[in-house]
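This report concerns only the one structure given below.
There are 2 protein chains.
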Amino acid sequence: MKPSLVAIVTVLIASLGCRSVANTSDAKSQILRLDAEWSQAAQSRDVDRVLSFWSDDATVFPPGRPAVVGKPAIREFVLESFRTPGFGISWKTNDVVVSRSGDLAYGTGTNRVIFTGSDGKQVTVEGKAVAVWRRDPEGDWKCIIDIWNDISSFSR
Amino acid sequence: MKPSLVAIVTVLIASLGCRSVANTSDAKSQILRLDAEWSQAAQSRDVDRVLSFWSDDATVFPPGRPAVVGKPAIREFVLESFRTPGFGISWKTNDVVVSRSGDLAYGTGTNRVIFTGSDGKQVTVEGKAVAVWRRDPEGDWKCIIDIWNDISSFSR
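Protein chains in written order, with the working numbering: chain U, 6 to 161; chain F, 6 to 161.
Now the structure itself:
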């Protein structure tokens, strides 16, 4: 029996829809896994690995200073952070939402930065964060927008 | 002449693709226009209008305090801000990127908050901001994630 055009088109559209939903769910798990690996790399101070999670055209918006645009500037920013006495950072993304087309997503979570204060004591700054992720042509998710701020009042 | 199945499916897929690109460009203009109207409403201190640009389940991440989740809490946050002596806010979104499916987008820009300092003088805080927008089932774009921080060091 020859399948009707309507049936074929219906199956085509349905399969596009299903693939989209499956991709969205896969993408969410993938980004959560990447994000955990990224935080781990930052805790290990592995600069090249830390940088690999941002896209080349990413922008980082750190509190208390202008935006940091593009990989070379972000590398400087990361190196400078790692040079801060007593510096440490960790974060956790709690939720990820992916666009239906599976090309754009955002994650929200919390972070913690520690460093040595001017009195020699450890300072801990708790923050909240938003990251926007983009799927690149190779199919890899990269962070393109990275912004956070402090949960309570803190003078930088 | 009866059109071939391949031709019909090709046209179908191509038209889906074209619509997606057109939607993306429309969505970008729409969000930029909404954002300008939103800043205008904030400058006019029109609370209900200001609130209408966020989705009911939006989260606002203001610097120096915990996240503000959902419309009732955001209303309180807006009212509290408007009560701050000498308070004023304006912002401008410079860029918007929309997902291929036209359901999710993000914007980046700058903002400026003014208020009266403890010494009675006007304080101006320049910031940078990221907003995530979602197209709701009625086709309207609403801000679901709203985060910003200061461009230079500032103690709240």
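Beta carbons: idealized from backbone N, C-alpha and C, even for Gly.
CB contact flag (residue i, residue j, <8 Å)
| i | j | result |
| --- | --- | --- |
| Arg140(U) | Asp108(U) | yes |
| Val135(F) | Thr113(F) | yes |
| Gly69(F) | Ser158(U) | yes |
| Ser95(F) | Ala41(F) | no |
| Trp152(U) | Ile152(F) | Checking the sequence shown, residue 152(U) turns out to be Ile, not Trp. Against a cut-off of 8 Å, the Cβ pair of Ile152(F) and Ile152(U) comes out as a contact. |
| Arg88(F) | Leu56(F) | no |
| Gln45(U) | Trp146(U) | no |
| Thr29(U) | Val130(U) | no |
| Ser60(U) | Ser106(F) | no |
| Asn116(U) | Phe66(F) | no |
Burial state of residue i, where buried means 16 or more other Cβ atoms lie within 10 Å
| i | result |
| --- | --- |
| Lys126(U) | exposed |
| Leu39(F) | buried |
| Val128(F) | exposed |
| Thr98(U) | buried |
| Asp51(U) | exposed |
| Val118(F) | buried |
| Thr121(F) | exposed |
| Cys148(U) | buried |
| Ile18(F) | For Ile18(F), the predicted model reports a pLDDT of 49, less than 50, meaning its position is unreliable; a value from the coordinates is still stated below. Classification of Ile18(F): exposed, given that the 10 Å Cβ count is below 16. |
| Val74(U) | exposed |
| Gly132(U) | buried |
| Ser49(F) | exposed |
Bounding residues of the beta strand (DSSP E) (the contiguous stretch that carries residue i)
| i | result |
| --- | --- |
| Lys133(F) | Gln127 to Arg140 |
| Ala63(F) | Trp59 to Phe66 |
| Ala110(F) | Leu109 to Thr121 |
| Ser95(F) | Gly93 to Val103 |
| Ile152(F) | Trp146 to Asp155 |
Where the alpha helix (DSSP H) through residue i begins and ends
| i | result |
| --- | --- |
| Ser86(U) | Lys76 to Arg88 |
| Arg54(F) | Val52 to Leu56 |
heavy atom of the ligand FAD below 7 Å from residue i C-beta
| i | result |
| --- | --- |
| Arg38(U) | Looking for the ligand FAD in the displayed structure turns up nothing, as the structure carries no ligands at all. |
Q: Give, in chain order, every residue of the stretch 72 to 104 of chain U whose Cβ lies closer than 9 Å to some Cβ of chain F.
A: Ala72, Val102, Val103 and Ser104
**Q.** Cβ-based contacts, 7 Å cut-off: residues of the stretch 115 to 130 of chain U near chain F
**A.** none
Q: Name, going along the chain, the residues of the stretch 46 to 76 of chain U whose beta-carbon falls closer than 9 Å to a beta-carbon of chain F.
A: Thr64, Phe66, Pro67, Pro68, Gly69, Arg70, Pro71 and Ala72
Q. Which residues, in order along the stretch 145 to 157 of chain F, keep a beta-carbon less than 7 Å from a beta-carbon of chain U?
A. Ile150, Ile152, Asn154, Asp155, Ile156 and Ser157
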